[in-house]
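Below is one structure, written out as structure tokens, with a few remarks after it.
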Amino acid sequence: MRFARHLQEHSIHNPFPGIVRLEQKIGRDIITRIGSNESQPLPSPALTTFLGETAVTMASLYPDPYAHDIRRLAAAINLVDESEVIVDSGADSLILLSLRLCCNVGDTVITSAGSYPTFRYFAEGCGQRVVEVSLQSGTDGALQADLGALAFNAHQYKASLVYLANPDNPTGHYHSQTEIERFRQSLPADCVLLLDEAYLEFAEPRHAASPVMDNTLRLRTLSKAYALAGLRVGYAIAPAEAIAKADEIRPQFAVSSLAQQAAILALQAREAAESLLSTTISLREKLRDALLARRLRVLDSHTNFVSIPYPDSQAAEQVQRRLFAMGVAVHRPAHPATSHLIRITAHPAALDEAILDMLIL
Ligand SMILES: Cc1ncc(COP(=O)(O)O)c(C=O)c1O
24 MRFARHLQEH SIHNPFPGIV RLEQKIGRDI ITRIGSNESQ PLPSPALTTF
74 LGETAVTMAS LYPDPYAHDI RRLAAAINLV DESEVIVDSG ADSLILLSLR
124 LCCNVGDTVI TSAGSYPTFR YFAEGCGQRV VEVSLQSGTD GALQADLGAL
174 AFNAHQYKAS LVYLANPDNP TGHYHSQTEI ERFRQSLPAD CVLLLDEAYL
224 EFAEPRHAAS PVMDNTLRLR TLSKAYALAG LRVGYAIAPA EAIAKADEIR
274 PQFAVSSLAQ QAAILALQAR EAAESLLSTT ISLREKLRDA LLARRLRVLD
324 SHTNFVSIPY PDSQAAEQVQ RRLFAMGVAV HRPAHPATSH LIRITAHPAA
374 LDEAILDMLI L
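Under the working numbering, think of the first position of the sequence shown as 24, with each following residue one higher.
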């Protein structure tokens, strides 16, 4: 695995590994917690009404820094080993963690022009040079990451990392797992592939296993398929060596105890997750049909949103402004490569006739 230069030969010790690790170390349960300077629960009726007594107590205690239970559940769902999973506060935080883990200041990293912009945002903040590769137009007018050009540029620039959102935001395009494996092979062996799979659960055909690939980090989130965007939980799947090193530099307490508990319950609720998934996919298809019925074009989507391509960014902006005037927020990417798109979430509110009519140019 490629690591940032300063991490290669150096191991960093986590000064606060938490209660679970302490129990593992001493071989027994801790029953009295008076070692972490945690206060008693706040005696606030308003807080107790809001959270409930159990959650108020939980809120007063530091969380498990390694989120052991979430790792175990995520590993089982993805048919990988626990040592190949790391938990952090959302896929966004995992992008940042990956850059800190694998890249030096001044390294070149590659992304697709107009894809998920948070990658560039963090890469610039970490001092990497970002090279953008144009999207490819498919025969049916679809927009998609150009895997050949991404690999070519990775070789050309001796990039330390390539970012690929799959399925992509905002194009909705999905590259099959076979294409992804082939893409991995086409990259320089020491170039990290950062695969952002925030929407993977919505992609078809569905796939059961996520193979752990060399020099590759797969990012997942509970914000989409598990509807926990406000709680900030995500995880990454990567070779155990990468996970162990990432654990050395991750802010230990970034995922709160309440968020962890909610994530555990959400990951255990397989039926609920399946139900949300099929409801969302059916909403996405209804939204697509309603838009097509209004003679709008719609990009094929493997996510929980659909994107409408307008002739140019001015046209898209005009439509967005009309919706803003109604108090309706739809997204238009800022990047010139995708600013002609309007992205709408597959949500019952999106099927409102008045909103749908406003999307007609
Ligand atoms: C491609 C992609 N990655 C990551 C995220 C952020 O995920 P999280 O809420 O887990 O930070 C989003 C959110 O829209 C996204 O579209």
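Ideal placement from N, C-alpha and C gives every residue a C-beta, glycine not left out.
Cβ-Cβ separation between VAL185 and LEU166: approximately 18 Å, too far for a contact (criterion under 8 Å).
Taking a cut-off of 8 Å for Cβ pairs, the region 303-317 and the region 336-356 do not touch, as fewer than three such pairs fall below it.
Here LEU216 is bridged, per DSSP, to VAL185 and THR239. Assignment of ALA136 by DSSP, reduced to helix, strand and coil, places it in the coil class. Taking 7 Å as the cut-off, one finds at least one heavy atom of ligand 1 near enough to the beta carbon of TYR139. In this structure, DSSP gives PHE328 an extended state, which the three-state scheme calls strand.
Within the region 136-177, the complete alpha helix (DSSP H) runs of at least 4 residues fall at 141-148. According to DSSP, HIS354 shares a beta bridge with ARG366. Taking the CA atoms as reference points, VAL321 sits about 42 Å from ALA267. ASN101 is classed as buried because its beta carbon has at least 16 other beta carbons within 10 Å across all chains shown. Note on geometry: alpha-carbon atoms of ILE49 and GLY41 lie some 12 Å from one another. DSSP places VAL108 in the uninterrupted beta strand (DSSP E) bounded by 108-111. For ALA339, the enclosing alpha helix (DSSP H) has its first and last residue at 336-348. With a minimum length of 3 residues, the unbroken runs of beta strand (DSSP E) contained wholly in the region 248-276 fall at 257-260.
Within the same chain, and ignoring the five residues on either side of SER83 in sequence, the residues whose Cβ sits closer than 8 Å to its Cβ are GLU61, SER62, GLN63, PRO64 and LEU65. Remark: C-beta atoms of HIS325 and GLU220 do not approach each other more closely than 8 Å. Setting aside the 5 residues that flank it on each side, SER106 is surrounded in the same chain by ALA263 and ILE266, each with a C-beta closer than 7 Å to its C-beta; the list follows chain order.
Of the heavy atoms belonging to ligand 1, at least one sits nearer than 7 Å to the Cβ of ALA252. Taken from the Cβ of THR244, at least one heavy atom of ligand 1 lies inside 7 Å.
With respect to the 8 Å criterion, LEU223 and THR239 are not classified as neighbours on the basis of their beta carbons. In the three-state DSSP reduction, THR131 falls in the strand class (E or B). At least 8 Å separates the beta-carbon of ALA339 from that of ILE378. The straight-line gap separating the alpha-carbon atoms of SER138 and THR194 is approximately 8 Å. ILE383 has its alpha-carbon roughly 7 Å from the corresponding atom of ARG317. Distance from LEU124 to LEU30 at the Cβ level is roughly 7 Å; contact confirmed, criterion being Cβ atoms closer than 8 Å. Residue range 293-316 is occupied by the alpha helix (DSSP H) that includes SER301. According to DSSP, residue pairing for THR244 in a beta bridge involves GLY257. A residue is called buried when at least 16 other Cβ atoms come within 10 angstroms of its Cβ; LYS247 meets this threshold and is buried.
For ASN192, the CB falls within less than 7 Å of some heavy atom of ligand 1.
Rounded to whole angstroms, the separation of the alpha carbons of PRO190 and VAL153 is 21 Å. A straight-line Cα-Cα distance of about 29 Å links LEU290 and VAL353. Taking 8 Å as the cut-off, the beta carbon of VAL278 is found no closer than this to the beta carbon of VAL156. Each of PRO274, ALA373 and ALA295 was checked against the Cα of PHE39, and the nearest Cα belongs to PRO274. Within 7 Å of the C-beta of ASP219 there is at least one heavy atom belonging to ligand 1. Look at GLY195: its beta carbon is at least 7 Å from all of the heavy atoms in ligand 1.
ALA188 has its Cβ nearer than 7 Å to a heavy atom of ligand 1.
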